[in-house]
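Residue numbers (the numbering used here): 68 to 136.
Glycine residues also receive a C-beta, built at the ideal position from the N, C-alpha and C atoms.
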Amino acid sequence: MSKITIDVNRCKGCGLCVEACPKKLLMLDNENLNDKGYSPAAMTDITKCIACAFCARMCPDCVITVEKD
Ligand code: SF4
Ligand code: SF4
């Protein structure tokens with residue numbers, strides 16, 4: 068299975084990763100704010116992640132790390 072790490076407090080909620088994911092697995096967590104006051108990116112279903120790392124490459128702030136077992 069893939070492992071996605073989101074460094075939540077560095078996220079600026081731009082949504083580029085949400086758009087980049089071909090499986091539509093990322094969302095902006097509108098129920099929480101990070102230390103910067105943004106709704107951070109969040110994973111919805113890690114079991115469907117194909118570890119393509121499009122999300123990580125798209126993020127301008129290197130917030131997301133993708134690992135594959
Ligand atoms: S690694 Fe690929 S499939 Fe997994 S969350 Fe990122 S963009 Fe989506
Ligand atoms: S692309 Fe990066 S900064 Fe933008 S919402 Fe996704 S994780 Fe946050």
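Original post:
What do you get for C116, buried or exposed, if any count of 16 or more other CB atoms within 10 angstroms of its CB means buried?
Top reply: The residue in question, C116, is buried, as its Cβ has 16 or more Cβ neighbours within 10 Å.
Item to check | Spatial neighbours of D112 in its chain, beta-carbon cut-off 6 Å, leaving aside the 5 residues before and after | outcome: Excluding positions up to five away in sequence, the list reads L92.
key: N-terminal and C-terminal residue of the alpha helix (DSSP H) that E86 is part of   = 83–87
> So which of I71, C88, P107, K135 has the shortest CA-CA distance to K79?
Replying inline: It is P107 whose Cα lies nearest to the Cα of K79.
Open item on the list: On the CB-based measure, 16 or more other CB atoms within 10 Å of its CB, does C126 come out buried or exposed?
Closed with: buried
Inter-residue spacing [alpha-carbon to alpha-carbon] between K135 and D74 | 18 Å
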